[in-house]
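> Could you have a look at this structure, given as structure tokens, before my questions?
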Amino acid sequence: MENGQLIIRTSNDFSFSENLQYLSRSADECMFHLRDGRVTRAIDVEGEPVLFRIEGHPDGILVTVDGEATEGAKAGVERFVHDWLDLGRNLEPFYELGERDPILRDAVRLHHGLRVVGIPDLFETFVWAILGQQITVSFAYVLKRRFVETFGRAIEADGVTHYLFPSAERVAGLEPEALRGLKIPARKSEYIIGIARLIADGDLTREGLLALGGDRAIEHRLTAIRGIGPWTANYVLMRCLRSPDAYPAADVGLHNALKLVAGMDRKPTLPEVEAFAEPWKGWRAYATFYLWRYLNSEAERV
DNA sequence: GTCCAGGACTCGC
DNA sequence: GCGAGTCATGGA
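Numbering (full-length UniProt numbering), first residue to last: 1 to 302.
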């Protein structure tokens with residue numbers, strides 16, 4: 001094995017190709033680059049940019065760290081990948097309940113080994129969630145790309161530009177008008193800058209939120225912030241704070257997936273959305289993520 | 001032109 | 001506490 005390489009061993013409930021399929025869902029994704037079954041991206045490790053790539057390996061995931069690849073950089077990348085792909089999760093209980101559940105069965109069989117792909121950076125998660133409110137995912141990707149290319153740090157490697165997500169400190173110093181040229185709606189710009197200031201001032205941290213205890217306490221804290229409603233709070237719980245049970249019940253994509261899988265001629269009402277999830281308690285974030293994935297794969301099939 | 005997208009806020013009651 | 005109107009952009 002080369003100097004900058006390491007292998008992260010994974011369980012049978014992890015499929016590199018399934019997660020790669022999810023990561024390749026948008027050509028406008030700007031936080032990593034895909035080619036030949038490999039994912040390359042830059043992250044911040046203790047203030048320094050580190051470029052790395054991951055690919056499938058018979059024993060798990062092969063990680064290659066670019067450049068000097070100090071022990072600190074390798075450890076930081078390993079931590080990141082572990083969090084990004086939720087590698088510490090034992091999915092057996094979820095798959096057992098999925099096999100028993102008529103709504104989830106096809107999704108868990110078809111996408112076995114998929115993880116709730118995370119967004120380890122708290123600020124990035126908030127921005128992505130706010131941008132995604134009420135607009136199509138494809139347009140949200142366009143807005144995110146403009147935002148990242150304008151305010152993020154760029155790293156050139158092998159003719160490809162990689163970006164670090166803009167820091168909360170950088171965005172905290174902006175005025176909403178600075179985002180107008182990117183076609184980010186004025187109100188969303190206010191939300192984003194407000195969150196950036198909370199994070200930059202140390203008033204909003206991942207550790208601080210997790211210390212609140214359960215999902216309900218965290219949701220209560222988050223929805224007190226301007227621009228954060230129940231959907232966004234649960235989205236952040238799912239993608240960044242790693243709750244396996246977060247449930248963005250108002251999600252339109254979830255509604256469409258339930259309509260499809262349950263064979264309904266209309267979208268479910270909110271009480272129905274809650275009722276569907278009753279048997280999924282403990283795993284509602286995983287159920288939601290699999291249903292999103294299933295809806296996308298069905299759409300691609302047509 | 002109308003409707004819908006991975007919602008949230010404000011206002012009136 | 002709850003329903004209706006508003007916000008902004010882009011694709012079908």
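All residues carry an ideal CB built from backbone N, CA and C; glycine is no exception.
Looking at the secondary structure, which residues open and close the alpha helix (DSSP H) in which histidine 220 lies?
Unbroken alpha helix (DSSP H) run through histidine 220: 215-223.
> Is there contact here, the segment 274-284 with the segment 87-100, by at least three beta-carbon pairs under 8 Å?
Contact between the segment 274-284 and the segment 87-100 is present, because at least three Cβ pairs lie under 8 Å.
> Taking 8 Å as the cut-off, decide whether the C-beta atoms of valine 127 and alanine 285 are in contact.
No, the Cβ-Cβ distance between valine 127 and alanine 285 is not below 8 Å.
> Whose C-alpha, out of Glu177, Gly253, Gly213 and Lys267, is nearest the C-alpha of residue 305?
Since the displayed the chain opens at 1 and closes at 302, residue 305 lies outside it and no answer follows.
> Can you have a look at serine 121 and say buried or exposed, based on whether 16 or more other CB atoms are within 10 angstroms of its CB?
In the sequence as displayed, the identity of residue 121 is aspartate instead of serine. Its Cβ being crowded by 16 or more others within 10 Å, aspartate 121 is buried.
> Does the beta-carbon distance from isoleucine 225 to isoleucine 195 come in below 8 Å?
Result yes, Cβ atoms of isoleucine 225 and isoleucine 195 sit closer than 8 Å.
> Have a look at residue 303 and valine 236 and give me their C-alpha separation to the nearest angstrom.
No information on residue 303 is available, as it lies outside the stretch 1 to 302 that the chain covers here.
> Among the candidates Phe123, Asp265, Lys267 and Val261, whose CA atom is the shortest distance from the CA of aspartate 101?
For aspartate 101, the nearest C-alpha among the options comes from Val261.
> Could you give the C-beta distance for arginine 293 and histidine 111, rounded to a whole number, given that I count them as a contact under 8 Å?
Rounded, the Cβ-Cβ distance is 5 Å, consistent with contact.
> Would you call alanine 257 buried or exposed, if buried means 16 or more other Cβ atoms sit within 10 Å of its Cβ?
With 16 or more Cβ atoms within 10 Å of its Cβ, alanine 257 is classed as buried.
> Thinking just about the alpha-carbon of each residue, which of Asp13, Asp251 and Ile228 is nearest to the one in valine 108?
Minimum Cα distance to valine 108 is reached at Asp13.
> How many whole angstroms separate the CB atoms of leucine 164 and aspartate 44, which I take to be in contact at a CB cut-off of 8 Å?
With a Cβ gap of about 6 Å, leucine 164 and aspartate 44 count as contacting.
> Which residue marks the beginning of the beta strand (DSSP E) containing phenylalanine 52, and which one marks its end?
48-57 is the extent of the beta strand (DSSP E) around phenylalanine 52.
> Which residue spans inside the segment 137-225 form an unbroken beta strand (DSSP E) run of at least 3?
Within the segment 137-225, the complete beta strand (DSSP E) runs of at least 3 residues are 154-157 and 160-163.
> According to DSSP, which residues form a beta bridge with threonine 40?
His33 and Arg53.
> Going by CA-CA distance only, name the one from Thr150, Asn296 and Gln134 that's closest to histidine 162.
Nearest C-alpha to histidine 162: Thr150.
> Under 8 Å: do the segment 182-191 and the segment 200-211 share three or more Cβ pairs, one atom per stretch?
Result no; under three Cβ-Cβ pairs closer than 8 Å.
> Using CA coordinates, which residue listed in Arg153, His57, Leu6 and Asp251 is at the minimum distance from alanine 129?
For alanine 129, the nearest C-alpha among the options comes from Asp251.
> Return helix, strand or coil for threonine 10, following the three-state DSSP convention.
In this structure, threonine 10 counts as coil in the three-state DSSP scheme.
> Would you say the segment 212-224 touches the segment 129-138, given that touching needs at least three Cβ pairs under 8 Å?
Segments in contact, no.
> Going by DSSP, which residues form a beta bridge with valine 116?
BP columns for valine 116 are empty, so no partner.
> Under a three-way DSSP split, which group does glycine 4 fall into?
Residue state, collapsed to three classes: coil.
> Please name the residue in Leu62, Leu241, Pro185 and Pro49 whose C-alpha comes closest to that of isoleucine 119.
The shortest C-alpha separation from isoleucine 119 is found at Leu241.
> Is valine 77 near valine 50, with beta carbons less than 8 Å apart?
Their beta carbons are under 8 Å apart, which means valine 77 touches valine 50 by this criterion.
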